[in-house]
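Positions 2 to 135 (the numbering used here) are the ones given, in order, by the sequence shown. Glycine residues also receive a C-beta, built at the ideal position from the N, C-alpha and C atoms.
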Amino acid sequence: MGELVHKVKQIIYTEKAPKPIGPYSQAVRVGPWLFLSGQIPIDPATGELVDGDIEHQTRRVLENIKAILEEAGYTLEDVVKVTVYLVDLKDFQKFNEVYSQYFRKDPPARTTVQVGALPRNARIEMDVIAYKPS
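Below, the structure is given as structure tokens:
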């Protein structure tokens, strides 16, 4: 069974999103499904966390997600599930204002949780699952 999964599993990578900071892939495609690893607000050009408020960090995360989706031939419209990790739920409203600019029509299912800390002291992390039939 492991061999079958290996043959249908495709690793997705783009220079337009941050390089993984650990032993994981930016995304993995299995059939019509695309699973993106959590993205924090790292500028892919510098490899550094972007400074700024939750709106600025949210935009950077969503642009990173968009770049990985595009590399795999998907769009934000193909996203079916988003998980959002916020260090402070007081940022929820401002986060939502930016998020809603990216998911205007038929937004995906979403879970938002507050966490104690994120890598590199980011204020936000998001991962997504996308589906695109062949």
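Residue burial classification, residue i (beta-carbon count within 10 angstroms, cutoff 16)
| i | result |
| --- | --- |
| Glu126 | buried |
| Ile12 | exposed |
| Val129 | buried |
| Arg30 | buried |
| Tyr100 | buried |
| Ala46 | exposed |
| Gln27 | buried |
| Gln58 | buried |
| Ala42 | According to the sequence provided, residue 42 is Pro. The question's Ala does not apply to it. Pro42 comes out buried. |
| Ala110 | exposed |
| Leu90 | exposed |
Nearest-angstrom beta carbon gap, residue j and residue i [assumed within contact, 8 angstroms]
| i | j | result |
| --- | --- | --- |
| Arg60 | Asp92 | Arg60 to Asp92, Cβ: 13 angstroms. No contact. |
| Ile22 | Gln40 | Contact doesn't hold; Cβ gap of about 11 angstroms is too wide. |
| Ala18 | Ile69 | 5 angstroms |
| Lys133 | Tyr75 | 5 angstroms |
| Leu63 | Tyr103 | 5 angstroms |
Bridge-paired residues (DSSP) for residue i
| i | result |
| --- | --- |
| Leu35 | Arg30, Ala131 |
| Glu126 | Tyr86 |
| Ala110 | Lys82 |
| Lys10 | Val31 |
Below-8 angstroms beta-carbon distance, residue i vs any chain D residue
| i | result |
| --- | --- |
| Asp89 | Annotation note: the requested chain D is absent from the structure, which comprises a single protein chain. |
- [ ] Run through the region 40-107 for me and flag every whole beta strand (DSSP E) of 3 or more residues, listed as ranges in chain order.
- [x] The region 40-107 contains these whole beta strand (DSSP E) runs: 80-87.
Open item on the list: Closer than 8 angstroms is the cut-off here; do at least three beta carbon pairs connect the region 28-36 with the region 71-81?
Closed with: Taking a cut-off of 8 angstroms for Cβ pairs, the region 28-36 and the region 71-81 touch, as three or more such pairs fall below it.
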